[in-house]
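Single-structure report; data block below.
Numbering (the numbering used here), first residue to last: -2 to 1163.
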């Protein structure tokens, strides 16, 4: 019943009272249904069988041109008005409406299939004391469901119990945030005690009060009341729809939000009908054309009234008037007749042609082999055919980070041990060598437990370890011991590390390959294989990581009784706690850290300290008192940790590479040259986002300043933004200058725009989520916009999906620029839907973003080709077509207009490699220079001039003219033939002038059209047609009698010359005195050979004093868990973390940059 109610509520748009609090009771469907909560069925489709036809026709007739042609069709049904048959408009209109309807129906059928596939998934639901296998769509709020390993989470669930120790579950959130590292969730102890007992779960009557449905993925607030006991609920107790259960045999959960109320669906955003700026402009132009058409028809109707009064009576003997028709009524009917005759000024073929061009451009994108990713067998895909030309006008790109710019794979890249750097290769002259896939790799075959996918190239490090260097061995011993990684070993030697952060997994894997294999752990011990020798360390204490400490330590006792504290953390934090004797080594290590930071690597400093037994005993007593204290527990623990973590000895540093996708820095550099601004909007923490900013060359050391906005109050944020703005542009006004204007159809839409302010030099802005929340408030958003737009690079970190969409909407509203959003996870869907163009990355992070996108491909680097080549070409093709089309049709219509006064008033470019070489070619599209109102007026003026020539030159030439044999040829059919032949020749020459790249296809259609015209003309005026269709073709021999006269051909030549010569002269003057960037590059292309792909060269290290801090995890570490007595249970092995052993993440497979080679160029018609 609930689904029926939900359906009709959506169908008829009935208002639903806003939910302020979600209140539900477990295992009580009647109680929960009384609140009319949404069930678990989802519906993303727009139509059904009943609503498709009326809704689709309503949407199509909202396009002004379609409504105009419907009105025109109605006029043609009136015999007194129409001079053309009704089917001349009806057939094209039905064709256009039908093709669009079929396309919309096909899209919606695919949505229905997708919805059906998801809604019909099966899950075990606890109903009436037993587990039943039900469809997802039948699950209700308050139901208890059972999930098993590798199953999708059905709805937003409150975790009740699990098979794992401490009621933990491990979930993969790739569909939500694009991150493939696992997240840990934990059930309440009071519910965890029920375990998998069906009787206890069926008797569970807990009541949940929580926040209403919302899109905040990282927050949840609520309470659970059970047996008069109230427990607090937070985000760690909730499993969200879209997650996948991993490494957990089973778990039970209580459905809190279902279907459209889940956070996944709340983040999907509203599906909006996107239209290009050219579409909007055409609507306005069509409205202006209607006004112009009405003006012309009014002039001609008035002329008809005057003619009827003064001259019409003379012709009544030949053209008798119908009964009741006087001059006034004749004038009125003439007005509507000319509306029909002159309708060619906006023919329906315009919209048919536009859609065909867009479809062709979409096929070019789909077929582009240079945007095909063979590794995943993923081609580029244009998921919509209506936005292609908008790709050539992008000004702002909003990009996610994880999975979009990066691969979300960490690799151990370099290290510094006791002052010596490892990981780089040098030739005999001391020059740094570039590491490629062909470079020799270190052979780890001697180590039976080594990860076969781990890659390292510096042979000297392995030799140093094998030689027994004590510092090197201590270095890797620290990496094998100081962490919170949990191992899985299903078969002997088959180790899989489960890390909350991929950084830690990369470091432990490095230690594993160099002979220090982390094998297993218990709450009291850590087992390590050191050079094939088993060593069991007693785990005395774990001093866990958090975002304030920025370090982690463990205290272990070796089998020989030696007690050691191992510590790793951010360099600035560790340096403050080193023994004074390390000052010299610290200087050398700092130099190495600067080199690593210059290459965009994430660094970490390692240190250790030997402890004596008596001191440790005293410290453990103070530690026990701190950890058991009720008040100020955190502060007391920090004091105890601070006490022991001092006077440490420096070991060295590690450098981990957060692997960028291939070609990301080069792509960003090229897009920046095209004057496209890129903003990174990520859920990652500030330090991680900054690291990627430097790796991508978005943030650079040579920037004048990089502003960090991280205040926790509204006033603090305002002050930081204003300080940054004043520093960048001291002369700028304090208050923003907002230009208000009107736009859109009938100029009813109010627009506001903020102009760009000039800044001397490059600046960067980094703002976190808390500060962004204040900055997006209505009274501060313009300050944020002004400051951000002054910066070359903007990075927003720790942002929610809603904030991503709000940033995009802010730029759309006030900058009046075309925006593009690109992402790969469900947390990017709102941003993708909010932007003018949405691009989805189809990778290992799920398909939510792709399903909501307008275009999709597998790698970020393909964005360069999508915009600079396909986008630019699509924009150029569309603009050239519209200019030529309006010129041709206005010329044709004006000829009819001039004829009315005599009849009694009775209607390409450069290739892809040059486009990539010169990104500046993209800028005209951003400024909309190729088709705008000014260009349209110029087309009208050009058409008016051409029509005057094409009418009056033939008229003057044929007026009172006789043939060579003295016969009169001045009949109106001969004149019409001459005028239309001149018109066709001129517009064909104009088409040739507008074609910059000739192919066999161009040649065939241009010359074929002319040949077909003459063939059809001679056929229409032939004797045969007269004999077959006497009434329809009475003008026998007009063509051959006219076209065999020399003066007729001379007239065509003169008319063509007068029409074309001014165009050629005007273009010649422009190219020589005011050449555009297109003209310059086209001229250079003619003179030079095809540019070769840029040569591969070793990456240049940038000098840097900035050192990237190590990102341990996004939350508190596993310290409490690994030292818990309950965290491991013997005799029960868990399933492997990854089912696919060959996945890059499962094997921690390092990836390498490769040269982006291009295939030999082939000529393409543009």
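Glycine included, every Cβ here is placed at the ideal spot set by N, Cα and C.
- The alpha carbon of residue 722 has as its nearest neighbour, out of 776, 784, 748 and 705, the alpha carbon of 784.
- Secondary structure of residue 370 (DSSP, three-state): strand.
- In this chain, the alpha helix (DSSP H) harbouring residue 1045 covers 1043 to 1070.
- In the DSSP assignment, residue 655 falls within the beta strand (DSSP E) that extends over 646 to 657.
- For the pair residue 182 and residue 205, the CB atoms are not nearer than the 8 Å cut-off.
- When DSSP reads this structure, residue 484 sits in a beta bridge with 494.
- Judged by DSSP secondary structure, residue 183 falls within the beta strand (DSSP E) whose first and last residues are 180 to 183.
- Take the alpha-carbon of residue 366 and the one of residue 378: they are about 11 Å apart.
- At the C-beta level, residue 420 and residue 410 come within 8 Å of one another.
- According to the DSSP secondary-structure assignment, residue 121 is paired through a beta bridge with 130 and 143.
- Apart from sequence neighbours up to five positions away, the residues of its chain that approach residue 778 with a beta-carbon distance below 6 Å are 807, ordered along the chain.
- In the structure shown, the three-state DSSP call for residue 870 is helix.
- Assigned with DSSP and collapsed to three states, residue 44 falls in coil, not helix or strand.
- Scanning its chain for C-beta atoms nearer than 7 Å, with the 5 sequence neighbours on each side dropped, one finds around residue 23 the residues 139, 141, 201, 202, 203 and 251, in chain order.
- Straight through space, the alpha carbons of residue 865 and residue 288 are spaced by roughly 37 Å.
- The count of Cβ pairs closer than 8 Å, one atom from the segment 253 to 261 and one from the segment 221 to 237, reaches three, so the stretches are in contact.
- When the Cα atoms are used, residue 780 and residue 706 turn out to be separated by approximately 13 Å.
- Contact annotation, residue 651 with residue 412: C-beta distance approximately 5 Å; criterion of less than 8 Å satisfied.
- Close CB contacts of residue 1056 within its chain, under the 6 Å cut and outside five residues either way in sequence, are with 943, 946 and 983 (chain order).
- Membership of residue 191 in any beta strand (DSSP E) is not indicated, and neither H nor E is assigned to it by DSSP.
- In summary, residue 473 is buried, with 16 or more beta-carbon neighbours lying within 10 Å of its beta-carbon over all protein chains present.
- Here the segment 451 to 459 makes no contact with the segment 491 to 501; the two share fewer than three CB pairs at distances below 8 Å.
- As for any beta strand (DSSP E) of minimum length 3 sitting wholly inside the segment 198 to 257, the runs are 204 to 207, 219 to 223, 226 to 230, 241 to 243 and 247 to 254, ordered along the chain.
- Contact annotation, residue 488 with residue 448: C-beta distance approximately 15 Å; criterion of less than 8 Å not satisfied.
- Taking a cut-off of 8 Å for Cβ pairs, the segment 391 to 403 and the segment 667 to 677 touch, as three or more such pairs fall below it.
- If you draw a straight line from the Cα of residue 100 to the Cα of residue 667, it is about 35 Å long.
- Taking all protein chains shown into account, residue 386 has 16 or more neighbouring C-beta atoms within 10 Å of its C-beta and is therefore buried.
- Separation of the CB atoms of residue 283 and residue 62 is rounded to 6 Å, and the pair is thereby assigned contact status at 8 Å.
- Counting along the chain, the unbroken alpha helix (DSSP H) around residue 1001 starts and ends at 997 to 1017.
- Excluding its 5 nearest sequence neighbours in each direction, residue 805 has C-beta neighbours in its own chain below 7 Å: 395, 816, 818, 828, 831 and 832, listed in chain order.
- When 502, 609 and 511 are compared, the shortest CA-CA separation from residue 555 is found for 609.
- Only residues of its own chain outside the window of five on either side were considered, and among them 1053 and 1057 have a CB closer than 7 Å to the CB of residue 986, listed in chain order.
- Scanning the segment 566 to 644 for uninterrupted beta strand (DSSP E) segments of 3 residues or longer gives 599 to 608, listed from N- to C-terminal end.
- Per DSSP, the unbroken beta strand (DSSP E) holding residue 703 starts and ends at 702 to 706.
- Residue 550 and residue 536 do not touch by the CB rule: their CB atoms are close to 12 Å apart, not below 8 Å.
- By the Cβ criterion, the segment 149 to 158 is not in contact with the segment 768 to 776, since fewer than three pairs of Cβ atoms, one from each stretch, lie closer than 8 Å.
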